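The sequence shown begins at 1 in the UniProt record's numbering and counts up by one. Written out below as structure tokens is the structure these notes cover.
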Amino acid sequence: MSSGFLMDYAMENLEARDEIIPRPNDVKNIEKDKYCAFLYIVGRTEIYNTWTLQEHQQNNIETPFTPFKEYCKPKINVTFEKFNSRVQQENELLDKVITFL
1 MSSGFLMDYA
11 MENLEARDEI
21 IPRPNDVKNI
31 EKDKYCAFLY
41 IVGRTEIYNT
51 WTLQEHQQNN
61 IETPFTPFKE
71 YCKPKINVTF
81 EKFNSRVQQE
91 NELLDKVITF
101 L
């Protein structure tokens, strides 16, 4: 299983897991508890340290979804894209194509 698959799985199922999180009697802490559970599910140290959140954003459950989606989005490999976009021309030697790459 690739890590990309696991991140996709975590993101798709995160909103469903919202129902499993225990609700405290104190309504003020619900958002903070959801936020902490979210960080626990996605891996706090690996992902959280890459975010730049303001202090007022740190306990709101809606805040981390955007950076989490950004973190999980596949990165573009320029070399790989260049390799896949290069097509050998009709009278072009293979050596020339390889040199270009």
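Glycine included, each C-beta is placed from N, C-alpha and C at the ideal position. Please read these numbers as outputs of a predicted model, since none were measured by experiment.
List the whole-angstrom C-beta distance separating L78 from R86, where the pair is believed to meet the contact cut-off of C-beta under 8 angstroms.
For clarity, residue 78 is Val in the given sequence; the question names Leu instead. Rounded to whole angstroms, the Cβ separation of V78 and R86 is 13 angstroms, and the two are not in contact under 8 angstroms.
With a 10 Å radius around its C-beta and 16 neighbouring C-beta atoms as the bar for buried, classify K34 as buried or exposed.
By the neighbour-count rule (16 or more Cβ atoms within 10 Å), K34 is buried.
Can you grab the Cα-Cα spacing for the pair Y93 / K75, in whole Å?
One detail in the question is off: residue 93 reads as Leu in this sequence, not Tyr. Cα to Cα, L93 sits roughly 32 angstroms from K75.
Assigned exposure category for F83 - 16 Cβ within 10 Å defines buried
F83 counts as exposed, since fewer than 16 other C-beta atoms from the protein chains shown sit within 10 angstroms of its C-beta.
Pull up the distance between the alpha-carbon of K32 and that of C72, whole angstroms please.
When the Cα atoms are used, K32 and C72 turn out to be separated by approximately 23 angstroms.
Let's test the definition: count the other Cβ atoms within 10 Å of the Cβ of F68 and tell me whether it reaches 16, buried, or not, exposed.
Label assigned to F68: buried.
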